[in-house]
Each structure stands twice: as C-alpha cells, then as structure tokens.
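A.B. asks: The structure is given below, and queries will be raised subsequently.
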Amino acid sequence: MRNHGSIHRFIAGMITVFLGFHAPGMLCAQAKPLIKVVAGYGSTDGAIAPLWFAKETKLFEKRGLDVRLVGMGTGSVSLRALIANDLEIASLSGSGLVQAALQGADTIILSAAIDGFVFKVFGAPEMTSPAQLKGKKLGVSRYGATSDFAVRLALKKWGLNPERDLNILQIGTTQDTLLAMQTKMLDAGVLSGTASLMARKAGFRELADLADLGLHYPMAPIGTTKSYIRKNEGLVKEFMLAYIEAIHDFKRNKEAALKVLKKYTRNDDPEVLEDSYSNYANKYLAFPIPTSDAIRTILTELSTTVPAAKNADPEQFVSYKVAREIEASGFVKRLYENEGRERK
390 MRNHGSIHRF IAGMITVFLG FHAPGMLCAQ AKPLIKVVAG YGSTDGAIAP LWFAKETKLF
450 EKRGLDVRLV GMGTGSVSLR ALIANDLEIA SLSGSGLVQA ALQGADTIIL SAAIDGFVFK
510 VFGAPEMTSP AQLKGKKLGV SRYGATSDFA VRLALKKWGL NPERDLNILQ IGTTQDTLLA
570 MQTKMLDAGV LSGTASLMAR KAGFRELADL ADLGLHYPMA PIGTTKSYIR KNEGLVKEFM
630 LAYIEAIHDF KRNKEAALKV LKKYTRNDDP EVLEDSYSNY ANKYLAFPIP TSDAIRTILT
690 ELSTTVPAAK NADPEQFVSY KVAREIEASG FVKRLYENEG RERK
C-alpha cells in the first residue's frame with residue numbers, strides 16, 4: 390500500500406510539474422485572437438480622451454478588441470472616411486453625423502461622453518464682447534464641424550448673422566486656429582481644451598463660453614454605420630463597454646489620464662494638461678448616451694436648411710438598442726458601486 394501511495398504521489402507530482410510548464414502555453418493556444426477594429430478621431434481635444442484612454446490602458450484588449458486609432462485631423466474628415474468605409478467606428482461631429490443620416494448616409498451615433506458645448510470664443514486683446522465680432526474674421530475647424538455649428542447658434546443669439554455680419558473661415562484643428570490668431574490671420578477663433586488655456590496665456594481675451602448657451606448637444610460622439618452594427622453587434626457592445634469603463638478610469642486615475650493627454654495633445658505644459666483634465670473629467674457622463682433633447686438641438690438648427698430635419702424623430706439617429714442592453718445589464722451601476730466600496 391505504501392508503494393502504491395508513493396507511486397500515486399509521484400504521478401500527481403509529475404502532472405503538477407507538467408501543467409506548471411505547459412499550462413500557460415496551452416491557455417494561450419486556446420485564447421481567441423483579438424478582433425481588429427479601425428477607429429478614427431477628428432481632433433486632439435480632450436473631449437476625445439476616453440477613446441485614447443481605452444486604447445492606452447488596454448481596455449479594448451480586455452474586451453477582445455485590437456483597436457487601431459487613426460487621427461483624421463477634423464471631424465468632417467472622419468465622417469467622410471466613415472461613410473466611405475475607410476473607418477469602422479469614429480469620434481466625430483454630432484451635427485455632421487445627423488446631417489449625413491438625413492441626407493441618406495447609413496451613419497448612427499453610439500455614444501457621446503459630454504452633453505453640451507465645450508468651446509470658447511477668444512478674440513484679440515482689445516476685443517471685449519461678442520458684438521465686436523461684427524466685420525471680423527472668425528476661425529472654426531471645418532464648415533459643418535461642431536465648432537462651426539456651435540458658434541453659428543451663438544452668433545444668432547448675440548444678434549449677428551453668421552452669413553453676413555462676419556467672415557467665418559475653416560482653419561483646421563484648434564491648434565491651427567490658435568496659430569492663425571497669433572499670426573493675425575484671424576481676429577478671433579473658436580477654441581477648446583488645451584488651446585483655450587494656451588490662448589489665455591498668450592494674451593487673447595475670452596469673449597464667450599459656449600457652454601453658457603445652456604443647450605443639450607452630443608459632444609464628441611462615437612459613431613458608426615447601421616450596417617456595421619448589424620454585422621458586428623457583439624463587437625460594438627464590447628467597444629462601448631470599454632469606452633464606458635475608460636470614462637470611469639479616466640476620472641479615477643489622474644496620473645494615467647495626464648499621460649494620455651500629454652501623448653495625444655502633444656502638449657507637455659503641466660498647467661495646460663491639468664486644466665484640460667479638470668475641465669473634461671468633470672463633464673464626462675457615467676452613461677454616455679445622447680438624450681433626445683441633445684439630438685433635437687441639432688435637428689432644430691438644421692431644419693432651416695435641411696427640410697427632412699423638421700419632422701425627424703431624434704431617436705432614429707442613436708443606437709439605443711445597444712445602449713439599453715448595457716444599461717439593463719447593470720454594468721455602469723456595478724462599476725461605480727465598486728468604486729464606492731473601495732473608497733470606504
């Protein structure tokens with residue numbers, strides 16, 4: 390019996406050693422390969438940061454996705470690439486996505502991390518009010534982009550006609566707009582994120598904060614196409630779960646967030662990065678899904694030039710099916726409940 394027991398122990402030991410050497414390889418062989426996704430973003434503004442953060446902290450990989458991020462310069466360029474199927478998912482202009490859908494494109498919104506505008510209008514030091522924009526040259530990123538959409542709404546509220554009272558020029562990124570202001574190619578510009586603080590430090594005067602318009606708006610939304618969702622609904626859901634977790638972790642892990650902002654905004658000024666982090670971390674929604682009111686803001690403005698916008702249902706422009714599945718799963722609630730327990 391003793392011999393049998395020794396043999397059993399020997400065999401058990403050998404199995405343990407075998408598994409110790411080979412189990413990791415066996416598990417790797419069984420692991421599913423990551424699914425490749427090409428995703429674009431239109432600017433280097435902090436509103437995009439959850440997308441960058443999910444990539445840099447491997448939250449996409451955690452969800453089985455190999456996401457390749459492509460900087461497209463502006464939201465309008467991202468939109469064209471999405472429609473042409475050069476991108477599968479993209480962060481771009483909410484107004485652009487909705488307008489494209491109204492004109493027959495297959496585009497649809499998945500999420501929006503911020504509800505409202507994050508832009509500020511800066512002018513030359515001698516300017517003191519938005520009324521002084523009359524007759525001036527004002528820079529936006531691209532015609533139809535969110536900066537353009539937002540400032541046209543604001544100009545009307547300030548009693549100015551965007552078409553007649555001033556010259557709105559499309560420049561490129563917010564950094565490009567700031568540079569054009571510094572070289573006096575522009576009298577004023579629509580800026581956000583790191584460019585706003587840099588403009589203030591350079592001596593430009595803040596004329597208006599477009600958040601004060603008090604309007605709902607899907608800022609820096611993630612968009613895709615309906616056909617892509619039909620073919621890849623599970624993938625899209627995993628992408629969204631990673632994005633939502635990135636928002637949570639961005640707020641919670643300031644050190645990692647600042648590193649991400651430094652890399653993608655290409656700015657190493659601690660004051661500028663700190664300002665950008667504080668500004669956006671406080672604005673991100675835990676459940677980043679646009680409301681009907683946010684889409685209605687776009688439809689109301691577009692209705693003056695796009696007849697189809699007048700009677701359009703706001704819900705047709707957002708993939709609420711995926712959003713509601715995530716909400717029903719309790720994922721977001723658990724994410725923030727766990728944080729609360731860890732803090733106790």
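Throughout, the working numbering is defined as the position within the sequence shown, counted from one, plus 389. Here a beta-carbon is modelled for each residue, glycine too, at the ideal position from N, C-alpha and C. All values derive from a computational prediction rather than experimental measurement.
State yes or no: is the C-beta of Gln521 within less than 9 Å of the C-beta of Asp537?
C.D. replies: Not in contact: Gln521 and Asp537 (Cβ atoms no closer than 9 Å).
A.B. asks: Check the C-beta distance from Ala645 over to Thr446 and give it rounded, since I have them as a contact under 8 Å.
C.D. replies: Right, their Cβ atoms sit about 6 Å apart.
A.B. asks: Just how far apart, CA to CA, sit Leu567 and Leu580?
C.D. replies: C-alpha separation (whole angstroms): 8 Å.
A.B. asks: From Tyr673 to Tyr617, what distance separates their C-alpha atoms?
C.D. replies: Rounded to the nearest angstrom, the two C-alpha atoms are 26 Å apart.
A.B. asks: On the three-state DSSP scale, how would you describe Tyr532?
C.D. replies: Coil at Tyr532, not helix or strand.
A.B. asks: Could you tell me which uninterrupted alpha helix (DSSP H) segments, each at least 4 residues in length, are contained entirely in the stretch 504-582, listed from first to last along the chain?
C.D. replies: List check, alpha helix (DSSP H) in window: 535-546 and 563-571.
A.B. asks: Near Pro413, what residues of its chain come up, given a Cβ to Cβ distance below 7 Å and the 5 sequence neighbours on each side ignored?
C.D. replies: Confidence at Pro413 is low in this model, with a pLDDT of 44, below 50, so the placement of that residue is unreliable and no value is reported for it.
A.B. asks: Report all residues from its chain with a CB closer than 6 Å to the CB of Glu595; omit the five preceding and five following residues, and keep chain order.
C.D. replies: Excluding residues within five positions, the ones whose Cβ falls inside 6 Å are Lys509 and Phe511.
A.B. asks: Among the residues of its own chain, which have a CB less than 6 Å from the CB of Ala717, if the five just before and after it don't count?
C.D. replies: Nothing meets the Cβ criterion.
A.B. asks: Counting pairs of beta carbons, one from the stretch 635-652 and one from the stretch 438-445, are three or more of them closer than 8 Å?
C.D. replies: Flag = yes, the stretch 635-652 and the stretch 438-445 touch.
A.B. asks: Return the Cβ separation of Thr535 and Ser482 in integer angstroms, given the expectation that the two are a contact with Cβ distance under 8 Å.
C.D. replies: About 5 Å separates the two Cβ atoms, so the contact holds.
A.B. asks: Would you give the residue range spanned by the alpha helix (DSSP H) that Gly485 belongs to?
C.D. replies: It spans Gly483 to Leu491 - the alpha helix (DSSP H) in which Gly485 sits, taken as one unbroken run.
A.B. asks: For the alpha helix (DSSP H) containing Gly339, list its first residue and its last residue.
C.D. replies: In the structure as shown, the chain begins at 390 and stops at 733. Residue 339 is therefore absent and cannot be evaluated.
A.B. asks: Output the distance between the C-alpha atoms of Leu527 and Thr517, rounded to the nearest integer angstrom.
C.D. replies: So the alpha carbons of these two residues sit roughly 15 Å apart.
A.B. asks: Counting only the same chain and skipping the five closest in sequence on each side, list residues whose C-beta sits under 6 Å from that of His397.
C.D. replies: Its pLDDT being 46, under 50, His397 is placed unreliably in this model, and the value from its coordinates should be taken loosely. The answer is none, since no qualifying residue turns up.
A.B. asks: Taking the alpha-carbon of Leu423 as reference, which of Met587, Gly453 and Ala600 has the nearest alpha-carbon?
C.D. replies: Taking only the C-alpha atoms, the option nearest Leu423 is Gly453.
A.B. asks: Once you ignore the five residues that flank Arg553 on each side, which residues in its own chain have a CB closer than 6 Å to its CB?
C.D. replies: Hits under 6 Å: none found.
A.B. asks: In whole angstroms, what is the alpha-carbon distance linking Leu491 and Ala698?
C.D. replies: Each residue's Cα considered, the two are about 7 Å apart.
A.B. asks: Who are the near neighbours of Ala712 in its chain, counting only those whose CB is closer than 6 Å to its CB and skipping five residues on each side?
C.D. replies: The answer, listed in chain order, is Ile678.
A.B. asks: Starting from the N-terminal side, write out each stretch of the beta strand (DSSP E) that is 3 residues or longer and does not extend beyond the stretch 583-610.
C.D. replies: The qualifying runs are 594-598.
A.B. asks: Between the stretch 621-641 and the stretch 602-610, are three or more C-beta pairs nearer than 8 Å?
C.D. replies: They do not touch, by the three-pair rule.
A.B. asks: Cα separation between Asp495 and Pro514?
C.D. replies: Looking at the two C-alpha atoms, the distance is approximately 45 Å.
A.B. asks: Going by the DSSP bridge assignment, what does Arg452 pair with across the sheet?
C.D. replies: Paired residues: none, contrary to the question.
A.B. asks: So, with DSSP's three-state summary, where would you put Thr614?
C.D. replies: If DSSP states are grouped into helix, strand and coil, Thr614 belongs with the strands.
A.B. asks: Could you compute how far the alpha carbon of Val721 sits from the alpha carbon of Ile633?
C.D. replies: Between Val721 and Ile633, the C-alpha separation is close to 8 Å.
A.B. asks: State the beta-bridge partners of Thr496 as determined by DSSP.
C.D. replies: Answer by DSSP bridge pairing, in chain order: Thr614.
A.B. asks: Should Lys523 and Leu575 be called a contact, given that it needs their Cβ atoms to be closer than 9 Å?
C.D. replies: No, they are not a contact pair.
A.B. asks: How big is the Cα-Cα spacing for Pro659 and Ser665?
C.D. replies: One C-alpha to the other measures close to 10 Å.
A.B. asks: Could you tell me the distance, in whole angstroms, from the CA atom of Leu542 to the CA atom of Phe449?
C.D. replies: Roughly 36 Å between the two C-alpha positions.
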